[in-house]
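Protein chains in written order, with this note's numbering: chain V, 10 to 371; chain G, 144 to 443.
Idealized CB from N, CA, C, for every residue including glycine.
Quick caveat, the model's predicted, so the values are computed rather than measured.
To start, the structure itself, in structure tokens.
Given below as structure tokens:
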């Protein structure tokens with residue numbers, strides 16, 4: 010009874026959300042100041058997916074990995090390499106005689122293969138790296154991301170990766186619904202994984218590895234699954250990001266990008282899927298839109314406001330992040346989840362017990 | 144002789160950059176030894192020292208700006224610990240590491256704001272930036288003095304740690320953080336001292352490093368920082384001689400890659416920067432505690 014109610018409400022809400030997005034897309038002209046909102050929503054939905062995938066590792070499995078940007082890069086490159094139309098190739102790979110790949114796959118296949126490529130790499134990397142603990146794991150994954158970047162920019166691989174030149178000309182999305190639906194489906198899959206037996210095993214590993222092992226959880230196996238799955242979705246979000254940015258360049262997938270994703274996860278609350286989603290939209294909105302005014306010089310009645318010039322936005326932004334990291338360590342959501350049924354129960358004054366933790370919305 | 148003068152510059156550069164990595168690596172290894180924290184902001188402190196030198200030397204003579212830069216860098220290192228790490232002493236280790244990443248992000252953005260994103264030209268420091276000729280190979284004097292200066296500083300540091308009271312306190316704190324507190328060691332001043340020493344060495348390292356690679360950008364500290372950390376892990380984290388050895392090995396091997404690049408048909412110079420990480424993964428796989436690290440066992 011309650012389950013059907015929740016399902017119906019979820020479906021309605023998702024439909025309303027998608028409808029609103031489509032409506033906004035059709036009616037906001039690119040010149041208006043609200044056009045930025047669409048950009049924020051697109052990029053935010055992509056970052057939401059990668060943030061949730063990082064949260065699966067850092068928040069739910071307790072594996073502190075900093076390789077996310079590297080896996081995104083693999084996804085982005087795989088997508089680009091496989092989907093550039095054959096006619097465009099001579100132009101894109103102009104320094105490498107048109108490259109060696111001479112076919113183009115449909116874009117959705119490219120996205121999935123992007124995720125798969127990232128997952129395969131993660132599986133191989135995981136064999137040595139997952140034996141390491143906490144901060145060693147962090148630095149080793151960060152190192153792998155750096156190596157990957159160098160490999161992709163390697164001149165000898167140019168016919169495949171276009172060396173240090175960018176990939177472009179591949180199909181991109183035409184509607185805002187595309188990233189939302191792909192990210193939404195992926196996040197839903199991650200949520201299902203978290204609520205499954207595997208998810209419970211991940212949480213057990215996070216809370217106490219030794220105790221989890223004593224309870225019969227195969228540590229190596231579960232860590233590998235978490236790492237591979239997380240990288241799969243990071244790869245997909247990389248492919249989406251490639252579509253959003255309309256070009257791929259290895260050097261932009263650097264450690265600063267991983268740090269940004271990590272900060273998104275922290276702001277949202279480590280161990281909260283909805284927290285990560287909310288905070289990625291907030292993060293992107295702040296960094297791309299809301300705080301923009303700080304970058305411009307303002308003159309009020311002949312008095313020039315000091316400090317405000319290009320780059321000030323990022324300083325203010327990082328100070329805010331430091332304040333959150335230092336004083337609000339729980340982030341926005343802590344480990345709680347935002348759920349419609351929880352709110353409904355609260356509103357109708359039904360059970361107060363279920364308001365904490367419990368189920369999450371898709 | 145011709146062979147020597149062609150290949151010697153690579154070796155010299157390797158030894159020199161190794162010394163510079165060593166000076167940064169000590170900051171990592173000491174902090175990790177006591178706090179079990181990868182101080183991600185350390186590479187950025189190094190960058191800030193370089194940047195301050197650019198601005199200081201523009202407005203005052205060299206004999207004033209060098210000490211000033213060193214003092215201010217030390218102050219920044221001290222402040223970072225007090226503001227960003229001290230409040231989290233009781234927090235899980237992950238939180239402190241995230242805070243370190245936050246500080247790194249802040250320092251980089253601050254540098255971006257101040258420089259306006261343009262690469263700054265590092266000043267020419269008289270005497271140490273001059274050209275000299277060693278065995279027929281022409282190089283800057285800084286290349287020659289770096290290894291000696293590094294070794295002298297490390298010997299002084301080891302003496303400080305072995306002979307003085309604060310050094311004894313540091314050793315105690317890195318052995319057992321909680322018990323040393325119970326024994327009456329003022330843990331906060333020990334930690335502050337660690338950051339002061341680390342930042343001091345990073346400032347000296349930045350003087351030497353940027354005399355060779357003369358452009359300072361906001362992200363210039365990241366890569367040397369990570370490599371220095373790898374050096375510290377390679378040598379066994381917590382061990383100062385280990386960091387020294389690891390840094391020299393990384394510095395030399397990196398330049399050997401460049402040397403090798405001349406002899407192979409395809410371009411491998413990009414892999415110079417990847418070398419350190421490959422080394423890290425190999426060492427962690429075979430001997431996770433590093434060359435001189437102590438063996439650790441987990442207690443349930």
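Buried/exposed call for residue i, threshold 16 Cβ in 10 Å
i, result
"residue 372 of chain G", "buried"
"residue 232 of chain G", "exposed"
"residue 159 of chain G", "buried"
"residue 117 of chain V", "exposed"
"residue 305 of chain V", "exposed"
"residue 340 of chain G", "buried"
"residue 215 of chain V", "buried"
"residue 406 of chain G", "exposed"
"residue 380 of chain G", "buried"
"residue 98 of chain V", "buried"
"residue 365 of chain V", "The predicted position of residue 365 of chain V is uncertain, since its pLDDT is 38 and thus under 50; no value can be drawn from it."
"residue 171 of chain G", "buried"
"residue 73 of chain V", "buried"
"residue 163 of chain V", "buried"
"residue 301 of chain V", "exposed"
"residue 206 of chain G", "exposed"
Contact check, residue i vs residue j, beta carbons under 8 Å
i, j, result
"residue 344 of chain G", "residue 154 of chain G", "no"
"residue 86 of chain V", "residue 170 of chain V", "yes"
"residue 151 of chain V", "residue 267 of chain V", "yes"
"residue 47 of chain V", "residue 190 of chain V", "no"
"residue 113 of chain V", "residue 94 of chain V", "yes"
"residue 251 of chain G", "residue 358 of chain G", "no"
"residue 244 of chain V", "residue 343 of chain V", "no"
"residue 272 of chain G", "residue 287 of chain G", "no"
Residue-chain proximity (residue i, chain G), Cβ-Cβ < 8 Å
i, result
"residue 74 of chain V", "no"
"residue 156 of chain V", "yes"
"residue 207 of chain V", "no"
"residue 330 of chain V", "yes"
"residue 137 of chain V", "yes"
"residue 324 of chain V", "yes"
"residue 320 of chain V", "yes"
"residue 338 of chain V", "yes"
"residue 196 of chain V", "no"
For residue i, three-class secondary structure by DSSP
i, result
"residue 309 of chain V", "strand"
"residue 182 of chain G", "coil"
"residue 345 of chain V", "coil"
"residue 276 of chain G", "strand"
"residue 281 of chain G", "strand"
"residue 318 of chain V", "coil"
"residue 425 of chain G", "helix"
"residue 150 of chain G", "helix"
"residue 225 of chain G", "helix"
"residue 227 of chain V", "coil"
Chain V contact for residue i (CB, 8 Å cutoff)
i, result
"residue 221 of chain G", "no"
"residue 331 of chain G", "no"
"residue 432 of chain G", "no"
"residue 195 of chain G", "no"
"residue 236 of chain G", "yes"
"residue 230 of chain G", "yes"
"residue 242 of chain G", "yes"
"residue 252 of chain G", "yes"
"residue 421 of chain G", "yes"
"residue 414 of chain G", "yes"
"residue 160 of chain G", "no"
"residue 214 of chain G", "no"
Best match in the options for proximity to residue i [C-alpha to C-alpha]
i, options, result
"residue 257 of chain V", "V:64, V:355 and V:88", "V:88"
"residue 296 of chain V", "V:249, V:60, V:324 and V:64", "V:324"
"residue 295 of chain G", "G:366, G:279, G:152 and G:163", "G:163"
"residue 203 of chain V", "V:63, V:23, V:354 and V:16", "V:63"
"residue 307 of chain V", "V:298, V:321 and V:294", "V:321"
"residue 175 of chain V", "V:276, V:145 and V:101", "V:101"
"residue 221 of chain G", "G:185, G:147 and G:306", "G:185"
"residue 362 of chain G", "G:187, G:152 and G:169", "G:187"
"residue 338 of chain G", "G:148, G:424 and G:175", "G:175"
"residue 210 of chain V", "V:309, V:84 and V:65", "V:65"
"residue 374 of chain V", "V:75, V:54, V:254 and V:69", "Here chain V has residues from 10 to 371 only, and residue 374 of chain V is not among them."
"residue 253 of chain V", "V:229, V:217 and V:180", "V:180"
"residue 303 of chain G", "G:383, G:375, G:289 and G:404", "G:383"
"residue 273 of chain V", "V:24, V:290, V:164 and V:26", "V:290"
"residue 212 of chain G", "G:275, G:400, G:190 and G:332", "G:190"
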